[in-house]
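Peer 1: Sending over a structure as structure tokens; questions will come in a sec.
Number of protein chains: 2
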Amino acid sequence: MSLASPAECGGAGLSDVDCRLLGRAVELGRLGWGRVHPNPMVGAVVAREGRVVAEAHHEVFGGPHAEVLALHGVGDARGATVYSSLEPCSHRGKTPPCTEALLKAGVARVVYWAGEPGDAAGGGGAWLARRGLQADGPFGERADWAAENPFFFHAPELRRPYVALKLAVSLDGRIAPREGRRFWLTGPEARAEVHRVRAGFDAVLVGSRTWEADDPQLTVRGEIEPRVAPVPVLLDRSGRADPGLRALSGEGGPRGIVFTCPGEARGLARRLGDLADVAAVPAAQGGLDLVAILQSLNECGIATVLCEGGGTLGSALLALDLVDRLYLFLAPVLIGASGVPAFPRGPGGDPESLVRVFRGWRSRLAPVRFGNDTLVVLDRGA
Amino acid sequence: MSLASPAECGGAGLSDVDCRLLGRAVELGRLGWGRVHPNPMVGAVVAREGRVVAEAHHEVFGGPHAEVLALHGVGDARGATVYSSLEPCSHRGKTPPCTEALLKAGVARVVYWAGEPGDAAGGGGAWLARRGLQADGPFGERADWAAENPFFFHAPELRRPYVALKLAVSLDGRIAPREGRRFWLTGPEARAEVHRVRAGFDAVLVGSRTWEADDPQLTVRGEIEPRVAPVPVLLDRSGRADPGLRALSGEGGPRGIVFTCPGEARGLARRLGDLADVAAVPAAQGGLDLVAILQSLNECGIATVLCEGGGTLGSALLALDLVDRLYLFLAPVLIGASGVPAFPRGPGGDPESLVRVFRGWRSRLAPVRFGNDTLVVLDRGA
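Protein chains in written order, with this note's numbering: chain H, 4 to 385; chain R, 4 to 385.
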């Protein structure tokens, strides 16, 4: 995101320079992916007369906020403008409030993009304005803020984790030439991006066909070292999971969770021993009860889940309206009509159930090219 | 394209500023789309100490070149650096050579991105260097230059027009719920972009199912007024085209061309009268001989063709390796397995023929979001 124009940043009254620097703050915020959750990703820029004098982002959960770090980067911030991707906090959490730091530093103006959620009474912006600073914000729409900080703006009333579905598809909407065989559709650049994305989630979920075919590690092996490694979660209705599976036997990784149906739980738990927690949920529509699984994960403190397929599980989640975001990697490849469809019928077999799925979904983030592949991010409507 | 880093612009020895300004020149060049063909699109920037003092692009075929226009924008260009997206010309065409203008203006340095094709002996860059200017270029790869100026770098030895295929597809690789019904898959922003793309082509080609189902106008109704409006070209093996078709009966537009098989040509010509030229080509594999059609268009002086579907014609062109570029608009929609596939089997019915199609193709241009839809541009390998 560059928020290159006042229209894009939603800021009537903002100059092009304001929008460019707000966009830069948003961009900096993204550097916190995988490190700050459950805090929001926030970036901040200190500028004088439109020139950047310091930049920072919230680097790690529990560490100093972006605004405070950016102020540390300047000897004297008196009279400067601070741009932040999120309204400065006015509450004392793990660190003192940013609003006090901004006031104490003698900043003349604060411009922020997203509003602090749930702060209808007026958050840090209003607090600063009451003390004579020029506080401009929030700008744009909540849905755009949520696209940048999906976890932070995830609706708690859903009582389930934020769920993203990652699929790599061919131009003809297939994920593999045939069932049960490991197949790389995308190139190395896209696969590196998958590791980056994975680093931001509490858990990585795969259906039985995927772990049976691919035996994936589900670990993060990329540039970002996640603050907390994602928990591997396998669905296994038939209780066939094996202690040799790479997702369960990886050294030093977090203990996995395997969901199965009540009749299989005891045998499976005995077989997997210390390698994984086995949880029983009711069977449903040819698989397991996905709502129960997400509730169970929520109760375990797993707030965000990346489902990495396959098509059957992804489509079942979509058809039940349990997906908040789709990471779609489009590979410039044709597989042909005999290939495995990325979006097979939903559970219950109604061919129309999936057709309705994406109504109300929006593409809010810019698509990105990774090598020859294109990442399209689609977000569920509010 | 921003060519934001030296790596991206392929310029060892270039600074970040050089690359940014080269990227700006490329960006400016794009403003000539629909106006300069068969000349290349070229943009130029005059800078002093990394600051832009003038910008220009080649605006219309036969008009002054970008470098000359940019120099006109500066009172005194002595000692300045000129960035151009293409090697300055050293030959006298419709206008005097740019190299002489640059020399006369007293420019100290010229930086250019793409090399003039077919100028192995040294073009404008070498000419300038011999006269004491610092001439830096070309940078990057021919394939990247061709992605920016596809028509200009189109291989003449192919003896057929440059062919681009535009398809709007759903996430499950379908173009419509059923055959024979007009259907809007993409939103208004994507459709506006189609008009912009169309403005750059000499002809717009559609297969019989598309004109029968959609009765498209095939005119350019967007922001760009093309210098020469594209010729509508219809395929009509069965000789069913009607004088009432909007593509043929549009007022003030160029006369269309309808291809049919020899047995239908006379009757069709009589029925269409002055509305279109009717040309006979042999029938082939369930349709018409596409190689003969492209040869025939080439002989009529049509150097660039945009095929706007449908899936059957597009797939036939792809399977015969007659497509140079795919403009794929991806809509966040599912249509379901009963929908019309974007890539049905190739001619001859071999399900594998299409699977091989995109080997060697590359995604060189950045994907762009238009409203909720994403445009992915794929280019055929050399």
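All C-beta atoms in this analysis are idealised placements derived from N, C-alpha and C, irrespective of residue type, glycine included.
Can you find the residues in the same chain that come closer than 7 angstroms, C-beta to C-beta, to residue 153 (chain H), ignoring five residues on each side of it along the sequence?
Peer 2: If you number the first sequence from 1, residue 153 (chain H) lands on position 150. Here the set comprises 165, 327, 328.
Peer 1: When you compare the segment 45 to 57 of chain H with the segment 20 to 30 of chain H, are there three or more beta-carbon pairs, one atom per stretch, that lie closer than 8 angstroms?
Peer 2: Enough Cβ pairs lie closer than 8 angstroms, so yes.
Peer 1: May I have the straight-line CA-CA distance separating residue 181 (chain H) from residue 365 (chain R), to the nearest angstrom?
Peer 2: Your numbering for residue 181 (chain H) matches position 178 in the first sequence. Your numbering for residue 365 (chain R) matches position 362 in the second sequence. Cα to Cα, residue 181 (chain H) sits roughly 25 angstroms from residue 365 (chain R).
Peer 1: Can you give me the C-alpha to C-alpha distance between residue 105 (chain H) and residue 229 (chain R), rounded to a whole angstrom?
Peer 2: As a first step, residue 105 (chain H) is located in the first sequence; it is residue number 102 there, counting from the start. As a first step, residue 229 (chain R) is located in the second sequence; it is residue number 226 there, counting from the start. Cα to Cα, residue 105 (chain H) sits roughly 54 angstroms from residue 229 (chain R).
Peer 1: Please check the pair residue 127 (chain R) and residue 91 (chain R), which I expect to be a contact at CB under 8 angstroms, by giving their CB distance rounded to whole angstroms.
Peer 2: What you label residue 127 (chain R) is simply residue 124 of the second sequence in a count that begins at 1. What you label residue 91 (chain R) is simply residue 88 of the second sequence in a count that begins at 1. Distance from residue 127 (chain R) to residue 91 (chain R) at the Cβ level is roughly 4 angstroms; contact confirmed, criterion being Cβ atoms closer than 8 angstroms.
Peer 1: Is residue 303 (chain R) helix, strand or coil by DSSP?
Peer 2: Working through the second sequence from its first residue, we reach residue 303 (chain R) at position 300. Coil, per DSSP.
Peer 1: Give the residues of chain H in contact with residue 375 (chain R), contact being defined as C-beta atoms less than 7 angstroms apart.
Peer 2: Taking the first residue of the second sequence as position 1, residue 375 (chain R) is located at position 372. Neighbours of residue 375 (chain R) on chain H, chain order: 365, 366.
Peer 1: Within the chosen definition, does the segment 214 to 222 of chain H reach the segment 237 to 254 of chain H through at least 3 CB pairs nearer than 8 angstroms?
Peer 2: yes
Peer 1: Can you find the residues in the same chain that come closer than 8 angstroms, C-beta to C-beta, to residue 297 (chain H), ignoring five residues on each side of it along the sequence?
Peer 2: Residue numbering aside, residue 297 (chain H) sits at position 294 when the first sequence is read from its first letter. Within the same chain, residue 297 (chain H) has close Cβ partners 163, 164, 166, 308, 325.
Peer 1: Kindly say whether residue 24 (chain R), judged by its beta-carbon, lies nearer than 8 angstroms to any beta-carbon of chain H.
Peer 2: On the second sequence, position 21 is the one that residue 24 (chain R) refers to. No, its Cβ sits nowhere closer than 8 angstroms to a Cβ of chain H.
Peer 1: Check whether the Cβ atoms of residue 172 (chain R) and residue 345 (chain R) lie closer than 8 angstroms to each other.
Peer 2: Locating residue 172 (chain R) in the second sequence gives position 169, where the first residue counts as 1. Locating residue 345 (chain R) in the second sequence gives position 342, where the first residue counts as 1. For residue 172 (chain R) and residue 345 (chain R), yes; Cβs fall inside 8 angstroms.
Peer 1: Grab me the residues of residue 380 (chain H)'s own chain with a C-beta within less than 8 angstroms of its C-beta, minus the 5 sequence neighbours each way, in chain order.
Peer 2: Position 377 of the first sequence, counted from the first residue, corresponds to residue 380 (chain H). Contacts found: 150, 328, 329, 330, 331, 366, 367, 368, 370.
Peer 1: Measuring straight from C-alpha to C-alpha, what distance separates residue 148 (chain R) and residue 117 (chain R)?
Peer 2: Working through the second sequence from its first residue, we reach residue 148 (chain R) at position 145. Working through the second sequence from its first residue, we reach residue 117 (chain R) at position 114. Near 6 angstroms, if we compare the C-alpha coordinates of residue 117 (chain R) and residue 148 (chain R).
Peer 1: Please say whether residue 240 (chain R) and residue 286 (chain R) have beta carbons closer to each other than 8 angstroms?
Peer 2: Stepping through the second sequence from its first residue, residue 286 (chain R) is reached at position 283. Stepping through the second sequence from its first residue, residue 240 (chain R) is reached at position 237. Closer than 8 angstroms, so yes.
Peer 1: I need the DSSP call for residue 298 (chain H), collapsed to helix, strand or coil.
Peer 2: Mapped onto the first sequence, residue 298 (chain H) falls at position 295. In this structure, residue 298 (chain H) counts as helix in the three-state DSSP scheme.
Peer 1: Could you work out which residues of chain H lie near residue 164 (chain R), taking near to mean beta carbons separated by less than 8 angstroms?
Peer 2: The residue labelled residue 164 (chain R) in the question sits at position 161 within the second sequence. Those do not exist, as residue 164 (chain R) stays about 23 angstroms from chain H at its closest Cβ, beyond 8 angstroms.
Peer 1: Measuring CB to CB, does residue 131 (chain R) end up less than 8 angstroms from residue 98 (chain R)?
Peer 2: Taking the second sequence and counting its residues from 1, the one referred to as residue 131 (chain R) is at position 128. Taking the second sequence and counting its residues from 1, the one referred to as residue 98 (chain R) is at position 95. No, they are not a contact pair.
Peer 1: Run through chain H and tell me which residues come within less than 9 angstroms of residue 370 (chain R), C-beta to C-beta.
Peer 2: Here residue 370 (chain R) corresponds to residue number 367 of the second sequence, with the count starting at 1. 333, 369, 370, 371, 372, 377, 378, 379, listed in chain order.
Peer 1: Look at residue 202 (chain R) and residue 225 (chain R) and say whether their C-beta atoms are less than 8 angstroms apart.
Peer 2: Stepping through the second sequence from its first residue, residue 202 (chain R) is reached at position 199. Stepping through the second sequence from its first residue, residue 225 (chain R) is reached at position 222. A contact, by the Cβ cut-off of 8 angstroms.
Peer 1: Can you find a C-beta in chain R that's less than 8 angstroms from the C-beta of residue 345 (chain H)?
Peer 2: Residue mapping note: residue 345 (chain H) aligns to position 342 of the first sequence, counting from 1. Chain R contact via Cβ: present.
Peer 1: Is there a C-beta anywhere in chain R that falls below 8 angstroms from the one on residue 186 (chain H)?
Peer 2: As a working mapping, residue 186 (chain H) is identified with position 183 in the first sequence. No, because no Cβ of chain R sits closer than 8 angstroms to the Cβ of residue 186 (chain H).
Peer 1: So which residues on chain H does residue 143 (chain R) lean against when the C-beta distance must stay under 8 angstroms?
Peer 2: Working through the second sequence from its first residue, we reach residue 143 (chain R) at position 140. Result: empty, since nearest Cβ-Cβ is about 16 angstroms, beyond 8 angstroms.
Peer 1: Where does residue 364 (chain R) sit, in a helix, a strand or coil, going by DSSP?
Peer 2: By one-based count along the second sequence, residue 364 (chain R) stands at place 361. The three-state reading of DSSP puts residue 364 (chain R) in coil, since its state is none of H, G, I, E or B.
Peer 1: Could you please give me the residues that DSSP links to residue 127 (chain R) through a beta bridge?
Peer 2: Counted from its first residue, the second sequence places residue 127 (chain R) at position 124. According to DSSP, which records beta bridges pairwise, residue 127 (chain R) is partnered with nothing at all.
Peer 1: Beta-carbon separation of residue 315 (chain R) and residue 212 (chain R) under 8 angstroms?
Peer 2: If you number the second sequence from 1, residue 315 (chain R) lands on position 312. If you number the second sequence from 1, residue 212 (chain R) lands on position 209. Yes, these two residues count as a Cβ contact at 8 angstroms.
Peer 1: Quick check on this structure: which residue in H:141, H:50, H:378 has the alpha carbon closest to the alpha carbon of residue 14 (chain H)?
Peer 2: The count along the first sequence starts at 1 and reaches residue 14 (chain H) at position 11. Closest by alpha carbon: H:141.
Peer 1: Going by DSSP in three states, residue 19 (chain R) sits in which element: helix, strand or coil?
Peer 2: Taking the second sequence and counting its residues from 1, one reaches residue 19 (chain R) at position 16. Helix.
Peer 1: Would residue 13 (chain H) count as contacting chain R if we go by Cβ distances under 8 angstroms?
Peer 2: Indexing the first sequence from 1 puts residue 13 (chain H) at position 10. Judged by the 8 angstroms Cβ criterion, residue 13 (chain H) is not in contact with chain R.
Peer 1: Can you confirm whether residue 176 (chain R), when its beta carbon is compared against all beta carbons of chain H, has any partner nearer than 8 angstroms?
Peer 2: The sequence position of residue 176 (chain R) within the second sequence is 173, counting from 1. Output row for residue 176 (chain R): interface = yes.
Peer 1: Could you give the residue range of the alpha helix (DSSP H) that holds residue 145 (chain H)?
Peer 2: The residue you call residue 145 (chain H) lines up with position 142 of the first sequence. Start and end: 145 to 151.
Peer 1: Since residue 386 (chain H) meets chain R, which of its residues come closer than 8 angstroms, beta carbon to beta carbon?
Peer 2: Summary: the structure shown does not reach residue 386 (chain H), with chain H confined to residues 4 through 385, and so no result is reported for it.
Peer 1: Taking 6 angstroms as the limit between beta carbons, can you name the residues of its chain near residue 61 (chain H), skipping five residues before and five after?
Peer 2: As a first step, residue 61 (chain H) must be located in the first sequence, where it is residue number 58. The answer, listed in chain order, is 35, 39, 45, 68, 69.
Peer 1: Answer with yes or no whether the minimum CB distance from residue 358 (chain H) to chain R is below 8 angstroms.
Peer 2: Numbered from its first residue, the first sequence carries residue 358 (chain H) at position 355. Yes, contact with chain R.
Peer 1: Give every residue of the same chain whose Cβ lies closer than 7 angstroms to the Cβ of residue 21 (chain R), excluding the five residues on either side of it in the sequence, and list them in chain order.
Peer 2: Position 18 of the second sequence, counted from the start, is the residue given in the question as residue 21 (chain R). Contacts found: 14, 114.
Peer 1: Return yes when the Cβ of residue 275 (chain H) is within less than 8 angstroms of the Cβ of residue 246 (chain H), no when it is not.
Peer 2: By 1-based counting over the first sequence, the position of residue 246 (chain H) is 243. By 1-based counting over the first sequence, the position of residue 275 (chain H) is 272. Their beta carbons are under 8 angstroms apart, which means residue 246 (chain H) touches residue 275 (chain H) by this criterion.
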